[in-house]
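Engineer: This note's numbering numbers the first residue of the sequence shown as 539 and each following residue consecutively. Even for Gly, the Cβ is constructed at its ideal location relative to N, Cα and C. Owing to the predicted nature of the structure, the values given are computational and were not obtained by experimental measurement. First, the structure itself, so that you have it in front of you.
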Amino acid sequence: MNTLGKRMMAGVAVVASLATVAGILIATVSYEPHGVPKALRPAFKAKIAEVKQRASEVATISSSVRPIASLDTTEFHFGLLDPHATVSHSFTVRNDGEAPLTINVQRTSCKCTVGKLGSNVLLPGGQTDVTMTWNTGYQLDNYEQSATLETNDPLQPEITLTVQGEIRAELVVPSQVVMKSVNPGDLPEATFTVYSQLLEDFYLDSAASDLPSFDWNVEPLSVDDTSLFDKHAKWAWRVSVSTSGKSRGKFSGDVKLTFKNPNSDEVMTRTVNVAGHVRAPINFYSPDIHSSEGLDIGTLDAGKEHQFKLVVRNRGEANRKIEVTGVEPKELKAHLTPMSKPGEYRLVLTVPADCPTVMFNRDRQHGYVEVGDPDDKTFSNWFPVLGAIVDLQSDPR
Numbered sequence: 539m540n541t542l543g544k545r546m547m548a549g550v551a552v553v554a555s556l557a558t559v560a561g562i563l564i565a566t567v568s569y570e571p572h573g574v575p576k577a578l579r580p581a582f583k584a585k586i587a588e589v590k591q592r593a594s595e596v597a598t599i600s601s602s603v604r605p606i607a608s609l610d611t612t613e614f615h616f617g618l619l620d621p622h623a624t625v626s627h628s629f630t631v632r633n634d635g636e637a638p639l640t641i642n643v644q645r646t647s648c649k650c651t652v653g654k655l656g657s658n659v660l661l662p663g664g665q666t667d668v669t670m671t672w673n674t675g676y677q678l679d680n681y682e683q684s685a686t687l688e689t690n691d692p693l694q695p696e697i698t699l700t701v702q703g704e705i706r707a708e709l710v711v712p713s714q715v716v717m718k719s720v721n722p723g724d725l726p727e728a729t730f731t732v733y734s735q736l737l738e739d740f741y742l743d744s745a746a747s748d749l750p751s752f753d754w755n756v757e758p759l760s761v762d763d764t765s766l767f768d769k770h771a772k773w774a775w776r777v778s779v780s781t782s783g784k785s786r787g788k789f790s791g792d793v794k795l796t797f798k799n800p801n802s803d804e805v806m807t808r809t810v811n812v813a814g815h816v817r818a819p820i821n822f823y824s825p826d827i828h829s830s831e832g833l834d835i836g837t838l839d840a841g842k843e844h845q846f847k848l849v850v851r852n853r854g855e856a857n858r859k860i861e862v863t864g865v866e867p868k869e870l871k872a873h874l875t876p877m878s879k880p881g882e883y884r885l886v887l888t889v890p891a892d893c894p895t896v897m898f899n900r901d902r903q904h905g906y907v908e909v910g911d912p913d914d915k916t917f918s919n920w921f922p923v924l925g926a927i928v929d930l931q932s933d934p935r
């Protein structure tokens, strides 16, 4: 072999050696998990090791002879039940494995639920029933109880069986009724439904409340009414209540309802909270006005005229006499004129060009504009006005 051939052979050998070393290095270098902070890497690695160990155990168990506990379902819904009813349901447990399966009822969620086992040991291919007996007691709405089985299935050491049901209610009455907001002088009223899933006949004997001018009315409601769809009602009433509320603002009060069963001496009482809202008799609208803070006009130059326009709405009788009944500070001028729509007015608040320096931009020292009926002090409303009128053109020297 000539010299050139020997050199080429040597070069190939060196490249092969480098490739081998690189492969060894790549095989032995382990990269840290991407995106895991350094402080959390030990815990991350421990979790990975745990997952790998569990996977190894599962693979070992799966390949070995073992019992397999199988159920078609672990939940059952009884549907609609009477109070104090005792009901039962059986779950079938099968052994689909190749070794005997042992089963025990370990615990139940309450004393009202009893789990009964047909057999504690199932040979391969065998099955048994686990019967859960449940006493509903005097429960309301949806109800759920469970029993836990203990098995020697290494992949299912515990199996939870659950029974559910919906208890029929003697009376279904709303806890609160909210009346629609009304204008001053209008009567707040509301209508609600009362029904029974147990009684085939009952009636509202009385309704009492401390709300002013409280009144009520009741009329029968067909159980086929769309409002009772899927309610399983056996008897129902539609109850209407009304009150004078208050002159303005929110109000609420309790209404005590007394029901009787014509087929017995049973008396049933329920309490419903009734709430409502009476709008203010006068309302103000403007992009510049805030519902609680009022109108902030900022700091204005005393040498110029400034105007702010608002819409005023009278929510009472359209023939009421409405005018500006108060303005502070007195340096401000407020003018009210009717608009084309009955009950609506244009309010123009003016800062005159000759207005002297005046400050009214503090919580306890602010201005206001009041609008209402001059002959009825209860029929009025006002909004705060905050600002300052200063001479911005004066020479500071």
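Of the residues T671, I641 and G925, which one's Cα is nearest the Cα of V659?
Structural biologist: As a position in the sequence shown, residue 659 is number 121, starting the count at 1. The candidate whose alpha carbon is nearest that of V659 is I641.
Engineer: Classify T1016 as helix, strand or coil using the three-state DSSP reduction.
Structural biologist: Outside the displayed span of the chain (539 to 935) sits residue 1016, for which this structure offers no information.
Engineer: Can you tell me where the beta strand (DSSP E) holding V710 begins and where it ends?
Structural biologist: As a first step, residue 710 is located in the sequence shown; it is residue number 172 there, counting from the start. It is not in any beta strand (DSSP E) - V710 carries neither H nor E in the DSSP assignment.
Engineer: What residues match up with R902 in a beta bridge as DSSP calls it?
Structural biologist: Translated into positions along the sequence shown, residue 902 becomes position 364. Checking the DSSP bridge columns, you'll see R902 has no partner listed.
Engineer: DSSP has R579 in a bridge; who is on the other side?
Structural biologist: The residue you call residue 579 lines up with position 41 of the sequence shown. Per DSSP, none; premise fails for R579.
Engineer: By alpha-carbon positions, which one of S829, V668, L725 and Q714 ends up nearest to S628?
Structural biologist: Here residue 628 refers to the residue found at position 90 when the sequence shown is read from its first residue. Taking only the C-alpha atoms, the option nearest S628 is V668.
Engineer: Can you name the residues that DSSP bridges to I820?
Structural biologist: Within the sequence shown, the letter at position 282 stands for residue 820. According to DSSP, I820 bridges with N852.
Engineer: Nearest to P819 by alpha carbon, out of T888, D911 and V889?
Structural biologist: Along the sequence shown, one-based indexing puts residue 819 at 281. If we check each option's Cα against that of P819, D911 comes out closest.
Engineer: Tell me where the beta strand (DSSP E) around F789 begins and ends.
Structural biologist: Taking the sequence shown and counting its residues from 1, one reaches residue 789 at position 251. It spans G787 to K798 - the beta strand (DSSP E) in which F789 sits, taken as one unbroken run.
Engineer: State buried or exposed for G1023, treating a residue as buried only when at least 16 other CB atoms are found within 10 Å of its CB.
Structural biologist: No statement about residue 1023 is possible, as the shown extent of the chain runs from 539 to 935 and does not include it.
Engineer: Between K798 and the rest of its own chain, which residues show a CB-CB distance below 8 Å, the 5 nearest in sequence each way excluded?
Structural biologist: Here residue 798 corresponds to residue number 260 of the sequence shown, with the count starting at 1. Same-chain partners within the cutoff: F740, Y741, D743, E804, V805 and M806.
Engineer: Any contact between the segment 768-785 and the segment 710-730? By contact I mean 3 or more CB pairs, one from each, below 8 Å.
Structural biologist: yes
Engineer: Assess, as a yes-or-no matter, whether the segment 818-835 is touched by the segment 844-861 under the definition of 3 or more beta carbon pairs within less than 8 Å.
Structural biologist: By the criterion of at least three beta-carbon pairs nearer than 8 Å, the segment 844-861 is in contact with the segment 818-835.
Engineer: To the nearest angstrom, how far is the alpha carbon of T566 from that of N690?
Structural biologist: For the purposes of this step, residue 566 is identified with residue 28 of the sequence shown, where counting begins at 1. For the purposes of this step, residue 690 is identified with residue 152 of the sequence shown, where counting begins at 1. Only weak support is given to the placement of T566: the predicted model assigns it a pLDDT of 45, under 50, and the question is left unresolved by the model.
Engineer: Tell me, please, which residues DSSP counts as bridged to E636.
Structural biologist: Position 98 of the sequence shown, counted from the start, is the residue given in the question as residue 636. According to DSSP, E636 bridges with nothing at all.
Engineer: Would you mind giving the Cβ-Cβ distance between S782 and L725, rounded to the nearest angstrom? I have them listed as a contact below 8 Å.
Structural biologist: As a first step, residue 782 is located in the sequence shown; it is residue number 244 there, counting from the start. As a first step, residue 725 is located in the sequence shown; it is residue number 187 there, counting from the start. Indeed, because the Cβ distance is near 7 Å, the residues count as touching under 8 Å.
Engineer: Check whether the Cβ atoms of G787 and V816 lie closer than 8 Å to each other.
Structural biologist: Here residue 787 is taken as the residue at index 249 of the sequence shown, counted from 1. Here residue 816 is taken as the residue at index 278 of the sequence shown, counted from 1. Yes; because the gap between Cβ atoms is below 8 Å, this pair is in contact.
Engineer: Nearest by alpha-carbon distance to D826: which of S608, T809 and Q845 is it?
Structural biologist: Reading the sequence shown from its first residue, position 288 is the one you call residue 826. The residue with the shortest Cα to Cα distance from D826 is Q845.
Engineer: Provide the residue span of the beta strand (DSSP E) that contains F740, from first to last.
Structural biologist: Sequence index remark: in the sequence shown, residue 740 carries index 202 (1-based). Unbroken run through F740: none, as it is neither H nor E.
Engineer: Tell me the DSSP secondary structure of A584 in three-state form.
Structural biologist: Within the sequence shown, the letter at position 46 stands for residue 584. Assignment of A584 by DSSP, reduced to helix, strand and coil, places it in the helix class.
Engineer: Which residues bound the beta strand (DSSP E) around I835?
Structural biologist: Stepping through the sequence shown from its first residue, residue 835 is reached at position 297. It spans G832 to D839 - the beta strand (DSSP E) in which I835 sits, taken as one unbroken run.
Engineer: Beta carbon of S747, beta carbon of V793: below 8 Å?
Structural biologist: For this step, residue 747 is matched to residue 209 along the sequence shown. For this step, residue 793 is matched to residue 255 along the sequence shown. Yes.
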